[in-house]
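**Q** Quick one: the structure is below, and I'll ask about it shortly.
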Amino acid sequence: MSERVEAYLVKNKSVSHDVIADIWQKLEQLYFRKLWHQLTVELRKVISNDAFIQTIDLKEFYDNFINEFEHRINPLQLVEIVIPVAKSIFVKSEEFYRDAAFAFLNKIERTISKEKQAVVRVRTGQIELRLMHKDSKDRCVDIQVVRKMIEETQVLLDELPGVTPVHGPFYKVSSIYLKEIGNYAGYYREALRYLGCEDQAKLPQSEKQLQAVLLGFAALLGDNVYNFGELLAHPILKSLEGTREKWIIDVLYAFNAGDLNKFNEYRPQWAEWDDLKDHQDLLEDKIRLLSLMEIALARPSKERYISFKEIAEKAQIDLNRVEALVMRALSKGLVQGSIDQVEELVNITWVQPRVLSPQQILAMSDRIGAWCAEVEGMETIVRNNAREILTKT
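If you read the sequence shown in UniProt numbering, its first letter stands for residue 1, the second for the next number, and so on.
Printed below as a string of structure tokens:
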């Protein structure tokens, strides 16, 4: 045992009490017995233990303890341990400490440079720190640097086989960056990827609610985001049940069904949020396009001729605006079909596939049931008529 490490452990154990003293005792025992795996597991626990880290300086903890045996720790586990250390340096605010935090992670990267997953994770940690660097107007100072780092790290991530433990943290910082630059659709995509990798049982309730609100807004405001079913089926939305933001779920269902009446019913709630109020025209245009898709989806394939009048009523627009609405849907690839301007009819032959809500699935089940009944009826007719033909021949 290093004399420096021994002195550090003895000192902290002597000035600590109860549970904290027990932690130091356990760290000392594991280190003395050279049980590196067990010590690594314990470090992962204590580094996220608020009661413990409030009693120490994490950088000193690293310098006087972890640094002594870091070469014996799995590279990825080492990075997970030192990222909180870097954050503790960074939050001291002065420029000197911010630079010191970056330098610290750069040093760690050189240590674990042969392990690709660990490299991706430490660079994700560097990106996270730069996203935390804000100006007086709460804007990211290093946004261009962050963009370049994300692009470079994405290349390394794509070289990894399958989904690894470093995918989730990368998607998280990528989504934060996209939110920072106002790319709602990009944020929606990356945040769903992040949640797909994250064990949500480990997320605090406040984090779940924040993610649910941000995802809801991103779905509503994102360009070319017309598939709400995936989000509506996601368990993250359950975190909003019983909260003031429960209306977000209802508005998402309204959009999924193209229901303008329901959307307007919640106007007092969504109008309180500047992001939504300032993009009211975009929201109304999107829900009208979704209303057209819903009309087509609700009809049997042989009844896809839809009158301008029906579309105008569902989308709550004048008849002279129906053609423009349908043309936008065609240009966006939401539907396929043709417009009969003379008869004022729209023939929808295809609707963009999307994840269906339980209500939409039930409606489709009813249509499939009706179709099966028609097939059985036709089978009976063919069977009966075929007997007469065979008898005559």
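Beta carbons are placed, not taken as given, at the ideal position from N, Cα and C, and that holds for glycine.
From a predicted model like this one, the values you see are computed outputs, not experimental measurements.
Starting from the Cα of S338, find the closest Cα among D318, E313, S307, A218 and give me that residue.
**A** The sequence position of residue 338 within the sequence shown is 338, counting from 1. If we check each option's Cα against that of S338, S307 comes out closest.
**Q** Quick check: what's the CA-CA separation for I287 versus H234?
**A** As a working note, residue 287 is residue 287 in the sequence shown. As a working note, residue 234 is residue 234 in the sequence shown. About 21 Å.
**Q** Using 10 angstroms around the beta-carbon of Y188, count the other beta-carbons present and answer buried if the total reaches 16, otherwise exposed.
**A** Counting from 1 along the sequence shown, the entry for residue 188 is found at position 188. The residue is buried, with at least 16 neighbouring Cβ atoms inside 10 Å.
**Q** When the Cα atoms are used, what is the spatial distance from R121 to L39?
**A** Residue numbering aside, residue 121 sits at position 121 when the sequence shown is read from its first letter. Residue numbering aside, residue 39 sits at position 39 when the sequence shown is read from its first letter. So the alpha carbons of these two residues sit roughly 21 Å apart.
**Q** Out of curiosity, what's the CA-to-CA distance linking V382 and S365?
**A** Here residue 382 corresponds to residue number 382 of the sequence shown, with the count starting at 1. Here residue 365 corresponds to residue number 365 of the sequence shown, with the count starting at 1. Using only the alpha carbons, I get a separation of about 26 Å.
**Q** Please give me, in chain order, every unbroken run of the alpha helix (DSSP H) with length at least 4 that falls completely inside the segment 46-103.
**A** Whole alpha helix (DSSP H) segments, 4+ residues: 50-53, 58-61, 75-90.
**Q** The alpha helix (DSSP H) with N256 in it runs from where to where?
**A** Residue mapping note: residue 256 aligns to position 256 of the sequence shown, counting from 1. 247-256 is the extent of the alpha helix (DSSP H) around N256.
**Q** Alpha carbon to alpha carbon, how far is G182 from A219? Give it in angstroms, no decimals.
**A** The residue you call residue 219 lines up with position 219 of the sequence shown. The residue you call residue 182 lines up with position 182 of the sequence shown. A219 and G182: Cα-Cα distance of roughly 13 Å.
**Q** Could you please give the first and the last residue of the uninterrupted alpha helix (DSSP H) stretch that includes W24?
**A** The residue given as residue 24 occupies position 24 in the sequence shown. Its alpha helix (DSSP H) spans residues 18-32.
**Q** Excluding the five sequence neighbours on either side, which residues of its own chain have a C-beta within less than 6 Å of the C-beta of R354, listed in chain order?
**A** Numbered from its first residue, the sequence shown carries residue 354 at position 354. Around R354: N227, G229.
**Q** Express the C-alpha separation of L58 and L131 in angstroms, rounding to a whole number.
**A** Here residue 131 refers to the residue found at position 131 of the sequence shown. Here residue 58 refers to the residue found at position 58 of the sequence shown. L131 and L58: Cα-Cα distance of roughly 21 Å.
**Q** Excluding the 5 residues preceding and the 5 following T124 in the sequence, name in chain order all residues of the same chain whose CB lies nearer than 6 Å to its CB.
**A** Here residue 124 refers to the residue found at position 124 when the sequence shown is read from its first residue. The answer, listed in chain order, is P169, F170, V173.
**Q** Drop a sphere of 10 angstroms on the beta-carbon of S136, count the other beta-carbons inside from all chains shown, and report buried for 16 or more, exposed for fewer.
**A** For the purposes of this step, residue 136 is identified with residue 136 of the sequence shown, where counting begins at 1. Classification of S136: exposed, given that the 10 Å Cβ count is below 16.
**Q** Short check: CB of G377 to CB of Q352, under 9 Å?
**A** On the sequence shown, position 377 is the one that residue 377 refers to. On the sequence shown, position 352 is the one that residue 352 refers to. In this structure, Q352 does not lie closer than 9 Å to G377 by Cβ.
**Q** Would you list the residues sitting across from K134 in a DSSP beta bridge?
**A** As a working mapping, residue 134 is identified with position 134 in the sequence shown. Partner(s): C140.
**Q** With H, G and I counted as helix, E and B as strand and the rest as coil, what does DSSP make of V335?
**A** Here the question's residue 335 lines up with position 335 in the sequence shown. DSSP places V335 in strand when its eight states are reduced to three.
**Q** Shortest alpha-carbon distance to F32 belongs to which of E68, D340, D99, S206?
**A** If you number the sequence shown from 1, residue 32 lands on position 32. Of the candidates E68, D340, D99, S206, the one whose C-alpha sits nearest the C-alpha of F32 is E68.
**Q** Over the uninterrupted beta strand (DSSP E) stretch that includes N12, give me the two end residues.
**A** The count along the sequence shown starts at 1 and reaches residue 12 at position 12. N12 -> not in any beta strand (DSSP E); alpha helix (DSSP H) instead, spanning 3-15.
**Q** Could you check what DSSP says for V173 in three-state terms: helix, strand or coil?
**A** Taking the sequence shown and counting its residues from 1, one reaches residue 173 at position 173. It is helical.
**Q** At the level of alpha carbons, what is the spacing between V225 and A191?
**A** For the purposes of this step, residue 225 is taken as residue 225 along the sequence shown, with counting starting at 1. For the purposes of this step, residue 191 is taken as residue 191 along the sequence shown, with counting starting at 1. For V225 and A191, the distance between alpha carbons rounds to 14 Å.
**Q** Pick out the complete alpha helix (DSSP H) segments inside the segment 152-196, 4 residues or longer, and give them in chain order.
**A** Runs of the alpha helix (DSSP H) inside the segment 152-196: 167-180.
**Q** Taking DSSP as the reference, what is the three-state secondary structure of T40?
**A** Reading the sequence shown from its first residue, position 40 is the one you call residue 40. Here T40 sits in helix by DSSP.
**Q** One question on the structure: do V346 and I311 come within less than 9 Å of each other, judged by their Cβ atoms?
**A** As a working mapping, residue 346 is identified with position 346 in the sequence shown. As a working mapping, residue 311 is identified with position 311 in the sequence shown. The answer is yes: Cβ separation under 9 Å.
**Q** CB-CB under 6 Å to R72, same chain, minus the five flanking residues each way: which ones, in chain order?
**A** Translated into positions along the sequence shown, residue 72 becomes position 72. Once the five neighbours on either side are set aside, the close Cβ partners of R72 are W36.
**Q** Does DSSP put I306 in a helix, in a strand, or in coil?
**A** Reading the sequence shown from its first residue, position 306 is the one you call residue 306. Three-state DSSP puts I306 in a strand.
**Q** Please report the distance separating the alpha-carbon of L260 from that of I23.
**A** Taking the first residue of the sequence shown as position 1, residue 260 is located at position 260. Taking the first residue of the sequence shown as position 1, residue 23 is located at position 23. Rounded to the nearest angstrom, the two C-alpha atoms are 58 Å apart.
**Q** Identify every residue that forms a DSSP beta bridge with V346.
**A** Looking up residue 346 in the sequence shown gives position 346. I306, I339.
**Q** Is the beta carbon of I127 less than 9 Å from the beta carbon of V119?
**A** Along the sequence shown, one-based indexing puts residue 127 at 127. Along the sequence shown, one-based indexing puts residue 119 at 119. Not a contact, by the Cβ cut-off of 9 Å.
**Q** Using C-beta distances below 8 Å, list every residue in its chain close to L157, excluding the 5 sequence neighbours before and after it, in chain order.
**A** Sequence index remark: in the sequence shown, residue 157 carries index 157 (1-based). Hits under 8 Å: V120, V166, H167, F170.
**Q** Is V375 helix, strand or coil when you go by DSSP?
**A** Counted from its first residue, the sequence shown places residue 375 at position 375. In this structure, V375 counts as helix in the three-state DSSP scheme.
**Q** Between R304 and I348, how many whole angstroms is the CB-CB distance? I'm expecting something under 8 Å.
**A** By 1-based counting over the sequence shown, the position of residue 304 is 304. By 1-based counting over the sequence shown, the position of residue 348 is 348. Sure, about 5 Å apart at Cβ, within 8 Å.
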